[in-house]
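Q: Numbering (this note's numbering), first residue to last: 2 to 815. Every residue, glycine too, gets a C-beta built ideally from N, C-alpha and C.
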C-alpha cells in the first residue's frame, strides 16, 4: 500500500516534500508486508508544531502508516507538537488542531476530515461533546516547558498546566488570581505589578531588591524579568500557563531555583479568521466598582501561509482602602491597559518565522495595605502612595523543522519601568526628613536583551538530545529621592545606581532509553556571569560618601540527572537531581540613609541550591482521573535575601543555609464531558538551618512568605439548558500561616485563611454571559503583612483580601 498523496501536499518546498514522501512510501511499504496488527502497537513519535501538511508526512513516516484527505473543509493551520510512545491513532488525535478529525480506513490507513468545533444546532449530547472538543482531553495536553514537546500525561517532571479553558473557568485575568490552582505556588500581595512569585516554598524573602528572582517568568520563549517583580500581564488571549517546579538551572539558567512560570500566548492562525469582544463589570461590597474590556482579532493572510493576531484590553479595579487622615475613600484604585500584536509566516524549505510586540501599563492611585486603628480596610498615612509600571517587549523567533532535528532561534528586548512613592513621614530625621509629610520616591528601569539558539532532535529512536546557547544583557538604573510633600520641599537624592549584568551559557540535555521502559537523562549548563555596579549621589549622607565602582565574575556548571521508568505507557515514575544558582552583586552603603551606620556587607555572594525529588504520574479509569505527585528535598547554600535596614533602605545579604522538604499532589478528574474536578495540596517544611551572623533570623518559623501547608480545589459542571450551554463552577483556596521576615518579628504573622469563588455561565451560538461572586465569605485574611518599609516600626501592617465582589461579563465571538 502506498500513502495517500492528495494535491494539497504538492505545495512550496516540493523537493523537500518529495523526499519525505519517498521515505514515507518506503516506511509504509515495509509495514504493509508485516503483520497488520503492528499498526496498533505503540510507537515513539517526535512531532514538532508545524504546518499541518508537513506534520502529516512526518507522522506517516514515524508511525509507519498511510494518511491522506487534505484539504478538508475547516481543517488546516498548525499542528500540535507530540512526543512520546503511543499508538498512531492516539498520536494523530493529539497532533490535529481544532477543526480536524480523522477516520480509520483500515489498520494502516487514516483519512483526515473536517470536524466543526460546534454544530450549528446541536442536540444536548452533541453540545456537550462540542464543549469537550474545545477543552483538550487530559491525554492530549502537550507542554514544552522542558524545551521539547511532550504529553503532560507522560511527562517525567513536576509540571502543572492551566489551559485557556481552565483560565476562563477560573475567571483568571492575572496569574496571581489563578496561581493557587497550580500546586505549590505562592504570590506576595504588595500590589498589581509589584508581587513576587515563589514555587515549592523556596522563598528568599518577601521584599524585592537586587537578588535575582527565584522563579523565572517567561512570555512564550522569552524571560521577561531579572530581579523585577511580576509585571502582572493580563491573561488575555492565552493558550495555556505552565508551571515547572524545582530548579531548572540546566535549561533555564540563573533565576530559576524554584522553577519557572511560562505564559504561552495564542498564536496567529493562518487557517481561519476569528475575533472576540468581551466586557465586564464588578462591584465590591465595601468598595468602588470595577470594569474592563478586551478584544481579539486573527487575520489569515497570503492564502493561508501567514497570519496576524492582535489583542487589546483595559481594566479598572475599584479601590476599597480608606484613608481617614486625608479624608479619602477607596484610595487604591488602579487601571491597567495594554495589548499584543503577533505575526507568523510559513516560508519555503520548512522555515517558520514569528514576531510580536507587547505593551502594558499599570497605574495605581495608592497602596492597598491597611494600617492603624480605624478598621481592617483603612490606613492612617499622611501621604498618598501611588505607583506605576510600564512593560514593553519586542521579539522574533525563527523555527526550522528538519528531518532529524529542529532549530529554533529567538531574540527579544524587554523594557520594564517601575515607580513608587512611600509615605516617609518621620523617616530620615538625621537628614532633615519631614515630620509632617515626607515621601520616599523610587524609580527603576530594567532593560533586557536576550538571545537563544536551540537545536533538538525529533527523530524516533533511543537517543533524544538538545543543545543550546544563551546570551543576555541587563541594564538597570535605580534612583531614590527624599521629597517634602507638606510643606513642599525640593527632592534630594538618596542614591543613584547603575547595574550591568551579562550572562552567557551553553547547555545540553541527552535522554537515552536504556530499555523500552527505563530512560536516563543527563544535562549540564556551563555559564559565566559578569556584574558591574556604579553608584553615587548620596546627598543626604551625614558624612560624604564617594562613588562606588565594583565588578565581579562568576562561572560554573549546573548539572542534572534523571531516571524515569514507564511501568505502563501512561504510568511514569521518576527520580532526579538538579542544581539552581544565582549571581552575586553589590550593596550601597547603609550610611546613604543619613542616619546611624549599620553593618552592611559591600558585596553579596552567589547562592546555589540542590534539589532531589521522586515523582510519579498515575492515570486511572481510562485516563479520566490523573494523579500526579512528588516528594522533594532542597539544600540551599548561602541563601541570598533582600531585606530592609532600620532606615528603610534596601540591602542584600547571604543570610545563611536553608532547606525544604515536602510532598505535593494534584488530581484532575473528568469522568465525562459534563464534570471536571481538580484539587492540589502541598505540605512542606522550609527552614533556615544555619543563620549567618549578618541579619536576625530564627530557625523555627520557616522561610518568609511561604506557609507549611496550602491547597486548592475547583469544580466545573456543564449541561444543556434548552438552546443554551450552561456551566456552574466553584473554587476554594487555603493558604497556611507564615511570617513576613526571617526573624518573625512583631506584626509579621500572616496567612491562615481560605477564600472561595462561585460562578455561572450561559452561552448560545457566539454569545456567552457570565456571573460570579469572589471572596464569597467576605474573608478579611491578612494576605501580606507589609506595605511600607518606613512605617512598619510604628504600626503593624496587613493586606486584606479584596472584599466580596459581584461581577458579570459578556463575550461575543466572530
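So if DSSP puts residue 362 in a beta bridge, which residue, or which two residues, is it bridged to?
A: For residue 362, which the question treats as bridged, DSSP gives the partners 338 and 391.
Q: Please classify residue 53: does DSSP put it in a helix, a strand, or coil?
A: DSSP places residue 53 in helix when its eight states are reduced to three.
Q: Which ranges would you report for the beta strand (DSSP E) in the region 414–492 if only whole runs of at least 3 residues count?
A: Entirely contained in the region 414–492, the beta strand (DSSP E) runs reaching 3 residues are, in chain order, 439–458 and 464–485.
Q: Would you decide whether residue 107 is buried or exposed? Buried here means 16 or more other CB atoms lie within 10 Å of its CB.
A: It is exposed - the Cβ of residue 107 has fewer than 16 other Cβ atoms within 10 Å.
Q: Check this for me: beta carbons of residue 252 and residue 148, under 8 Å apart or not?
A: Yes, the pair counts as a contact, with Cβ atoms nearer than the cut-off.
Q: Am I right that residue 706 and residue 204 are in contact with their C-beta atoms under 8 Å? What's the rounded C-beta distance?
A: At roughly 5 Å, the Cβ-Cβ gap stays under 8 Å, so residue 706 and residue 204 are in contact.
Q: Can you pull the DSSP bridge partners for residue 582?
A: Answer by DSSP bridge pairing, in chain order: 609.
Q: Give the DSSP-derived three-state secondary structure of residue 651 in the structure shown.
A: Note: residue 651 maps to strand in three-state DSSP.
Q: Would you kindly report the start and end of the unbroken alpha helix (DSSP H) that includes residue 303?
A: Careful: residue 303 lies outside any alpha helix (DSSP H) and carries neither H nor E.
Q: Quick check: the Cα distance between residue 176 and residue 198, rounded to an integer number of angstroms?
A: Looking at the two C-alpha atoms, the distance is approximately 10 Å.
Q: Mapping the DSSP letters down to three states, classify residue 58 as helix, strand or coil.
A: Here residue 58 sits in helix by DSSP.
Q: Give the DSSP bridge partners of residue 618, in chain order.
A: DSSP, once it has assigned bridges, lists 573 and 629 as partnering residue 618.
Q: Let me know if residue 806 comes out buried or exposed under the rule of 16 or more other beta-carbons within 10 Å of its beta-carbon.
A: Result: buried.
Q: According to the neighbour-count rule (16 or more other Cβ atoms, all chains shown, within 10 Å of its Cβ), is residue 426 buried or exposed?
A: By the neighbour-count rule (16 or more Cβ atoms within 10 Å), residue 426 is buried.
Q: Using only CA atoms, which one of 531, 609 and 522 lies nearest to residue 575?
A: When only C-alpha atoms are compared, the closest one is 522.
Q: Under 8 Å between C-beta atoms, does residue 723 make it to chain B?
A: The chain labelled as chain B is not found in the depicted structure, where only one protein chain is given.
Q: Judging by CA-CA distance, which residue of 621, 587 and 682 is the nearest neighbour of residue 632?
A: Residue 682 is the option with its Cα nearest to residue 632.
Q: Cα separation between residue 415 and residue 375?
A: Between residue 415 and residue 375, the C-alpha separation is close to 42 Å.
Q: Entirely within the region 662–745 and at least 3 residues each: give me those beta strand (DSSP E) ranges in chain order.
A: DSSP runs (the beta strand (DSSP E)) wholly in the region 662–745: 676–685, 688–692, 710–722 and 725–740.
Q: Considering Cα atoms alone, identify which of 388, 348 and 420 is closest to residue 402.
A: It is 348.
Q: By how many angstroms is the C-alpha of residue 61 removed from the C-alpha of residue 783?
A: Between residue 783 and residue 61, the C-alpha separation is close to 57 Å.
Q: Could I get the ranges of all uninterrupted alpha helix (DSSP H) runs contained in the region 58–115, with 4 residues as the minimum, in chain order?
A: Segments of the alpha helix (DSSP H) lying fully in the region 58–115: 89–96.
Q: Check the C-beta distance from residue 288 over to residue 331 and give it rounded, since I have them as a contact under 8 Å.
A: So it is a contact: roughly 5 Å between Cβ atoms.
Q: Whose C-alpha, out of 492, 410, 395 and 458, is nearest the C-alpha of residue 449?
A: Selected option, being the one with the closest Cα: 395.
Q: Tell me which residue opens and which closes the beta strand (DSSP E) that residue 227 is part of.
A: Looking at the DSSP string, residue 227 is not in any beta strand (DSSP E), and its letter there is neither H nor E.
Q: Per DSSP, residue 401 forms a beta bridge with which residues?
A: Beta-bridge pairing links residue 401 to 352 and 408.
Q: So which of 781, 779, 776 and 801 has the shortest CA-CA distance to residue 788?
A: Minimum Cα distance to residue 788 is reached at 801.
Q: So, using beta-carbon positions, are residue 570 and residue 86 closer together than 8 Å?
A: For residue 570 and residue 86, yes; Cβs fall inside 8 Å.
Q: Does the beta-carbon distance from residue 736 to residue 752 come in below 8 Å?
A: Yes, these two residues count as a Cβ contact at 8 Å.
Q: The beta strand (DSSP E) that contains residue 191, what's its start and end?
A: Residue 191 -> no beta strand (DSSP E), and no H or E assigned at all.
Q: Checking the sheet assignment: what are the DSSP bridge partners for residue 293?
A: In DSSP, residue 293 forms a bridge with 281 and 316.
Q: Going by beta carbon distance, what residues of the same chain come within less than 6 Å of residue 814, once the five residues before and after it are set aside?
A: Correct list, in chain order: 277 and 767.
Q: For residue 581 versus residue 250, is the C-beta spacing smaller than 8 Å?
A: For residue 581 and residue 250, yes; Cβs fall inside 8 Å.
Q: State the Cα-Cα distance for the pair residue 88 and residue 64, rounded to the nearest angstrom.
A: Residue 88 and residue 64: Cα-Cα distance of roughly 8 Å.
Q: To the nearest angstrom, report how far apart residue 242 and residue 164 are at their CA atoms.
A: So the alpha carbons of these two residues sit roughly 6 Å apart.
Q: Assuming contact is defined by CB atoms lying nearer than 8 Å, are residue 525 and residue 560 in contact in what I supplied?
A: Against a cut-off of 8 Å, the Cβ pair of residue 560 and residue 525 comes out as a contact.
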